[in-house]
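Residue numbers (the working numbering): 3 to 383. Think of the CB as a built atom: it goes at the ideal place given N, C-alpha and C, for glycine as much as any other residue. Here's the structure, in structure tokens; my notes come after.
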Amino acid sequence: MVGSAHPTVLTLERDRKASALGMRKLTVCGTKTGGGCPESCEPKVDLDMIQVVKMSFKVGRLFTTVFVISLFILIDIAENGYADGRTKIAFSSNRDGNYEIYVMDGDGNNQRRVTVHPRVDEYPSWSPDGKKIAFASNRNNVNKGHRQIWVIDADGKNPIRLTDGVVDTYPDWSPDGTKILYDAHLVPEDHDLAPGGIILMDADGKDKRLLTPNGGHPSWSPDGKRIAFIAARNAGDDHHIYLMDADGRNRTQLTHDFVHKRFPSWSPDGKRIAYVGENVIWVVDSDGENPRQLTGLVTGEHPTWSPDSEFIAFHSFGKDRGISGIYTVDVTDGAIAALQVDPAFFSLDPDWLYSEGLSVSPEGGRITMWGRLKNLVSDLR
């Protein structure tokens, strides 16, 4: 009837784009004279429902990605031994006549030689991603007492010399892999015991600068903000453990007893520092509290932490007593286990592969799946 009010009409139309998502577009028309809805009536889309559908697609893709990456993680764990939180250990040994760099699993298995050279290669240090090893070598010198810092791929390829000093030793990679610390000396005598100066350089050997002229045996904190090292307050004094900022500022003394110290090593969880005192392994809280001796009957040198901060690997001299080799000590109960022991040769300078990206579980301190996931995603980027 002309002039009569039609009731409000609701019509359902299908929009070409919305139909691709299986959605309907709702058209609302108010009271009109005449029949039907005018073409000018503006359609309105249920945006909330579309967002839900889009989000479901995103979640599905995310779960698929996580599932695929998790499979790669499981394969990686099976092949590389990450399940027990111990990864790889690099070390030097003279088993083949002169000192070369070797790698083994954290349990001492699968030992393989990395460097092959007639000169000495020693003091290995893993890059955080496990792809390279820095080390000290005299392969560029006639004088056997001289050393420079070199870097080589973990498979033994592409050796590159980074420094040209007289005696450059004890390299240590920064947690982000962009910098290397090392111990520099002007004379080759007694460089194992007497600290020289600590130099910081880029991982490619560029931009070298002196952090401290009186110090040695540097070790990065796991967050890259601090450096532990040894130094003597005065000539002839015992060496103590000191800390400084990554730029060399704010130098503070950590230990104060009368034990001569060397080779500080920061735990991956940042809570403790291991060191050598009177030829045995000690640990101290990173604030200097609670120093504790871990080894006694077996001497210890060059401590390095497992990624879960539960064990310390070290080398022990004592060739005549048949105990020379690489050992681990349980930080909790002091139990010692042999990883690589042979009275016929020396194995020295262990360095446990530790990556900043490896997460550690609260219970048991083991490396978690999330830690491996972060590492793989980082590599994919």
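Return the residue from the list the options that minimises the CA-CA distance to residue i.
i	options	result
P270	S176, T257, Q342, I243	S176
F347	R63, S95, Q53	S95
D98	I91, A92, R114	R114
D239	D225, K263, L256	K263
D178	A234, R274, N292, S129	S129
S221	Y356, G167, K133	Y356
G147	E124, N160, L164	E124
V234	V261, G226, S318	Note on identity: in this sequence residue 234 is Ala, with Val being the wrong assignment. Of the candidates V261, G226, S318, the one whose C-alpha sits nearest the C-alpha of A234 is V261.
H219	K227, Y172, L188	Y172
According to the neighbour-count rule (16 or more other Cβ atoms, all chains shown, within 10 Å of its Cβ), is residue i buried or exposed?
i	result
A186	buried
L296	buried
R63	exposed
N111	exposed
Q255	exposed
N140	buried
M3	Summary for M3: the model assigns pLDDT 44, below 50, so the residue's position carries little reliability, and this model does not support an answer.
G298	exposed
D174	buried
R251	exposed
I275	buried
M246	buried
N292	exposed
At the level of alpha carbons, what is the spacing between residue i and residue j?
i	j	result
A248	G290	19 Å
V384	E102	This structure leaves residue 384 out entirely; the chain is present only between 3 and 383.
D131	D310	16 Å
R344	D351	Rather than Arg, the amino acid found at residue 344 in this sequence is Asp. The alpha-carbon atoms of D344 and D351 are separated by roughly 15 Å.
T89	M106	9 Å
T334	F313	8 Å
G272	Q53	44 Å
S308	S223	14 Å
N216	S326	31 Å
V282	S288	19 Å
V300	V286	19 Å
W268	L341	21 Å
G158	E303	25 Å
G199	A205	18 Å
D109	A315	10 Å
D194	F265	Low per-residue confidence applies at D194: pLDDT is 49, beneath 50, and the placement is therefore not dependable, though the value from the model is reported in the following sentence. Cα to Cα, the separation comes out at about 10 Å.
G207	G167	12 Å
F319	T165	29 Å
D225	K133	20 Å
H317	A339	12 Å
N160	D209	21 Å
S349	P120	17 Å
N100	K227	37 Å
G83	M57	Its pLDDT being 44, under 50, G83 is placed unreliably by the model, and nothing is read from it.
Kindly give me the distance between the Cβ atoms of residue i and residue j, rounded to whole angstroms, as I take these residues to be in contact under 8 Å.
i	j	result
V122	I154	Not really, about 14 Å apart at Cβ, beyond 8 Å.
I232	H242	7 Å
Y277	P305	7 Å
Cutting at 6 Å between CB atoms, please list the residues of its own chain near residue i, excluding the five before and the five after it.
i	result
W170	The sequence shown places Asp at residue 170, not Trp. The answer, listed in chain order, is R149, Q150, I151, Y184, A186.
P126	A92, I103, I135, F137, D353
D259	none
D322	Since pLDDT at D322 reaches only 49, below the 50 mark, its modelled position is unreliable, and the value read off the structure follows with that caveat. For D322, where only same-chain residues beyond five positions count, there are no Cβ hits under 6 Å.
R294	V285
G279	V261, K263
L188	V168
T66	none
Less than 7 Å between C-beta atoms, sequence neighbours within five positions excluded: which residues of the same chain meet that for residue i?
i	result
N236	none
L202	K181, L183, R211, L213
N142	Q150, R163
Counting only the same chain and skipping the five closest in sequence on each side, list residues whose C-beta sits under 8 Å from that of residue i.
i	result
Y244	G217, A230, F231, I232, A233, R253, T254, Q255, L256
A337	V331
Is there a Cβ from chain E that is less than 9 Å from the Cβ of residue i?
i	result
L183	The structure shown contains no chain E; it is built from a single protein chain.
Hey, is residue i close to the ligand ZN, as in C-beta under 8 Å from one of its heavy atoms?
i	result
A234	This structure lacks the ligand ZN, and indeed carries no ligand of any kind.
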